[in-house]
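A.B. asks: One structure, pasted below without further comment.
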């Protein structure tokens, strides 16, 4: 089972056009920053890097929350961080489920002994706030959690009304922004989000490995007044905050080079400007959908509930899911994602996230898909590229 | 609290000689591999990278265990992974404590509801197997845990006898190899270690961010026959193993570029050869100690219990801990560590780990320390460099 080191060759991944549900393509600037010399996690220069990173992340989250940091793990570690810090055994927790990531939240709540109440919605549609109101009626949950951008379905969930419902019931409002952050407007303070987590490998165009989170003062109150210790030592924010705060107390060794990369990704976003970035994501999404629909293919999600950074295409009759994805990767170097859970074999998930959200990628993908489907004998209409071009012409 | 992006300048950490307790200096090859283009976590090429990484890691751990992988977090996440997977609430767990990292293990056991039994040893000495035998007598613990290389004290813990004691009592033997792996012999299978975790930023000379672990069949049996789910979704090896195994089932997005770096660090180790690498660490340690003792300074740990990669020097009378460390960093670009816990202000921790374990670094450090202590008016003897040179002459 071990390996002869002489058989392990130089690393050479080549390049891919990453149009799956993440990771997205990483810019050369981010890769370069990541490969700067590693220094100590208590080095004065690194402490300044941490401060700048937190400042930039607050800007992106649109928050003033002091505890706004990247957790030392991938997006799912961010999800786990929020639940283990804010929920104690026996606490009532409402989880809205309309895809894989809501299901994952429910799983975590149960593992840590939370009293789980679910609001189930159709996969491919947003959750109706009325359903949330009903489920919560007469209850006083500790926390209500929902996914902003369901990466498994491509659905964008409205947050304002549900934030109000949570707060009326005295619950913290926790939002999964793994896929939305950096690709569409997220206003943590204005929307009244008490705790939020995200990932770096989606619209931030940074390699996977960190989970940006932010807790407001209500969340910090809950954390500071726990009766039981946080079940995870590694993710215990009551200790981690001392390292990211003014005390600089060692907790665990921060992933230095990943934080270099993250800081650079945030700088790039700040330079582009939030409005311009979100407009870019919208425009490329619109052109993409125009092309897909011109081909005669359909999008899983109704127009008003679509995400700008993740498109879910129903697999047309006669097309072989795996065969098409393999041809995209092999012949065109394009990675897309398949469906998860109930949607496996039924949809393709095509990301236009961060650095990947560019006209050239929209055009290449439409051309590649058209070529492959035609070769497979799938009946499709022409005019995809023209339809996309028209959208760009309009802008 | 947010930051004006225009005030955040290009990243420029400069270079440091990392002679603290980790991170150690990372070689250019590792940094270069880390900055290769990010590809998907289910990309066929990345799957081959995973296989090679596992093979190389088995070679380094000296094990045939199928579950031998890097966990997606830093060393402490590796510690937590072992406990949350192998311990259930109410399980009796023996933790040997002779420094900060034993204390951390005990903390984790209590958080997850384990029934903790501690064997406490002096900080700066190895744990006496007799003390372990006594503590375990008449008990049937589920697991016995100990730190191989206590990074807080510089002590090397003998493992063979304690492995036998654990197994006689029917307990799993869990070992913390965060600092030892890659710098001294570790023989997981031969020593009878059932579960082990490590970090990448010590003797592997890879940036922090991953925690190599390995579970043998006894540990896997315990995991597969649990009565309760693993409290951590993120670190649940019963799911993570399906991603690293033949099923390739998506769990969380792997930290792709960190795994590139880790694979390259493992390749470098395999190319050097384990014996040569361990001999290098021993030799530089010997020269270092000869120099330190020639100055009239003393090492905290008795000679027979010293680690080759981490030296703990008693701070001499008249020397100001912080001032000396600041001067080392500012005037010579050298980072060393201070004492932790009970040893704060009493010792300096000087690492010679992985890439950092080199004659040029030993010599520079001795010269720098001598200069600073003399300038501080601390009474020290001369001849440090000569004493070190003599050791190299002998080899």
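Chains as they are written, first to last, in the working numbering: chain Y, 10 to 404; chain E, 10 to 404. By construction, the Cβ of each residue, glycine as well, lies at the ideal position given by its N, Cα and C atoms. Everything numeric in this text was worked out from a predicted model, so none of it was measured.
1) By the criterion of Cβ-Cβ separation under 7 Å, what are the contact partners of residue 1 of chain Y in chain E?
2) Is it buried or exposed, residue 52 of chain Y, if we count other Cβ atoms within 10 angstroms and call 16 or more buried?
3) Can you find a C-beta in chain E that's less than 7 Å from the C-beta of residue 267 of chain Y?
4) Using Cβ-Cβ distances below 7 Å, what residues of the stretch 210 to 228 of chain Y are close to chain E?
5) Under a Cβ-count criterion, where at least 16 other Cβ atoms within 10 Å of its own Cβ denotes burial, should residue 273 of chain Y be classed as buried or exposed?
6) Which residues of chain E have a Cβ atom closer than 9 Å to the Cβ of residue 22 of chain Y, listed in chain order?
7) Taking the alpha helix (DSSP H) that residue 87 of chain E belongs to, which residues open and close that run?
8) Within 7 Å (strictly less), CB to CB, does residue 109 of chain E reach chain Y?
9) So if I threshold CB-CB distances at 9 Å, which residues from the stretch 245 to 260 of chain Y count as touching chain E?
10) Distance cutoff 7 Å, beta carbons only. Does residue 206 of chain E sit that close to anything in chain Y?
11) Of all Cβ atoms in chain Y, is any one closer than 7 Å to the Cβ of residue 86 of chain E?
12) Is any beta-carbon of chain E found at less than 7 Å from that of residue 354 of chain Y?
13) Under the three-state reduction of DSSP, which class applies to residue 132 of chain E: helix, strand or coil?
14) Is residue 376 of chain Y closer than 7 Å to residue 304 of chain Y when the C-beta atoms are compared?
15) Per the DSSP calculation, residue 118 of chain Y is bridged to which residue(s)?
16) Step through the CB atoms of chain Y and report whether any lies within less than 7 Å of the CB of residue 433 of chain E.
17) In its own chain, which residues sit with a C-beta less than 7 Å from the C-beta of residue 293 of chain E, not counting the 5 before and 5 after it?
18) Between the beta-carbon of residue 80 of chain E and the beta-carbon of residue 102 of chain E, is there less than 7 Å?
19) Looking at the unbroken alpha helix (DSSP H) that takes in residue 18 of chain Y, where does it start and where does it end?
20) What runs of the alpha helix (DSSP H), each 4 residues or longer, lie entirely inside the stretch 288 to 357 of chain Y?
21) Taking Cβ positions only, does residue 243 of chain Y come closer than 7 Å to chain E?
22) Would residue 377 of chain E count as contacting chain Y if we go by Cβ distances under 7 Å?
23) Please confirm if residue 309 of chain Y has its CB atom under 7 Å from at least one CB of chain E.
24) Along the chain, where does the beta strand (DSSP E) containing residue 101 of chain Y start, and where does it finish?
25) For residue 78 of chain E, report the span of its beta strand (DSSP E) as first-last.
26) Just the Cα atoms here: how many angstroms apart are residue 72 of chain Y and residue 249 of chain Y?
27) So with Cβ pairs under 7 Å, would you call residue 336 of chain Y a contact of chain E?
28) What beta strand (DSSP E) runs, 3 residues minimum, are completely inside the stretch 139 to 173 of chain Y?
29) Does any CB atom of chain E fall closer than 7 Å to the CB of residue 324 of chain Y?
30) Is residue 48 of chain E helix, strand or coil by DSSP?
31) Going by other Cβ atoms of all chains shown within 10 Å of its Cβ, with 16 needed for buried, is residue 120 of chain E buried or exposed?
32) Can you check DSSP and say which residues form a bridge with residue 206 of chain E?
33) Going along the stretch 277 to 308 of chain E in order, which residues come within less than 8 Å of chain Y, judged by CB to CB distance?
34) Hey, is the stretch 204 to 217 of chain E in contact with the stretch 82 to 94 of chain E, meaning 3+ C-beta pairs nearer than 8 Å?
35) Let me know if residue 199 of chain E comes out buried or exposed under the rule of 16 or more other beta-carbons within 10 Å of its beta-carbon.
36) CA-CA distance, residue 195 of chain E and residue 69 of chain E?
C.D. replies: Looking at the atomic coordinates:
1) This structure gives no information on residue 1 of chain Y, because the portion of chain Y shown stretches from 10 to 404.
2) Around the Cβ of residue 52 of chain Y, a 10 Å sphere holds 16 or more other Cβ atoms; the residue is buried.
3) So, interface residue.
4) Listed in chain order, the positions of the stretch 210 to 228 of chain Y with a beta carbon within less than 7 Å of a beta carbon of chain E are 210, 216, 217, 218.
5) By the beta-carbon neighbour count (other beta carbons within 10 angstroms, threshold 16), residue 273 of chain Y is buried.
6) Those within 9 Å of residue 22 of chain Y in chain E are 45, 46, 47, 48, 52, 54, 55, 58, 265, 269.
7) 84 to 95 is the span of the alpha helix (DSSP H), which, as asked, contains residue 87 of chain E.
8) No, residue 109 of chain E lies away from the interface with chain Y (no Cβ there is under 7 Å from its Cβ).
9) Near chain E, meaning a CB-to-CB distance below 9 Å, the residues of the stretch 245 to 260 of chain Y are 245, 259, 260.
10) So no, residue 206 of chain E is outside the interface.
11) Under the 7 Å criterion on CB atoms, residue 86 of chain E is classed as interfacial with respect to chain Y.
12) No, no contact with chain E.
13) Of the three classes helix, strand and coil, the one that applies to residue 132 of chain E here is coil, per DSSP.
14) No, the Cβ-Cβ distance between residue 304 of chain Y and residue 376 of chain Y is not below 7 Å.
15) DSSP, once it has assigned bridges, lists no residue as partnering residue 118 of chain Y.
16) Any property of residue 433 of chain E remains undetermined from this structure, which presents chain E solely from 10 to 404.
17) When the five nearest sequence neighbours on each side are left out, the beta carbons in the same chain lying within less than 7 Å of the beta carbon of residue 293 of chain E are those of 361, 366, 367, 368, 371, in order along the chain.
18) No, they are not a contact pair.
19) In this chain, residue 18 of chain Y is not harboured by any alpha helix (DSSP H), its DSSP state being neither H nor E.
20) Whole alpha helix (DSSP H) segments, 4+ residues: 330 to 341.
21) Yes, contact with chain E.
22) No, no contact with chain Y.
23) Contacts with chain E at 7 Å (Cβ-Cβ) do not include residue 309 of chain Y.
24) From DSSP, the beta strand (DSSP E) with residue 101 of chain Y extends over 101 to 106.
25) Its beta strand (DSSP E) spans residues 77 to 80.
26) The alpha-carbon atoms of residue 72 of chain Y and residue 249 of chain Y are separated by roughly 19 Å.
27) Taking Cβ atoms only, chain E never reaches closer than 7 Å to residue 336 of chain Y, which makes this a no.
28) Correct list: 152 to 156.
29) With 7 Å as the cut-off, residue 324 of chain Y does not count as an interface residue toward chain E.
30) Here residue 48 of chain E carries a coil assignment [DSSP, helix/strand/coil].
31) Residue 120 of chain E is classed as buried because its beta carbon has at least 16 other beta carbons within 10 Å across all chains shown.
32) Bridge partners of residue 206 of chain E: E/185, E/222.
33) Residues are counted here when their Cβ sits less than 8 Å from a Cβ of chain Y; for the stretch 277 to 308 of chain E these are 279, 280, given in chain order.
34) Contact between the stretch 204 to 217 of chain E and the stretch 82 to 94 of chain E is present, because at least three Cβ pairs lie under 8 Å.
35) With fewer than 16 Cβ atoms within 10 Å of its Cβ, residue 199 of chain E is classed as exposed.
36) Each residue's alpha carbon lies about 8 Å from the other.
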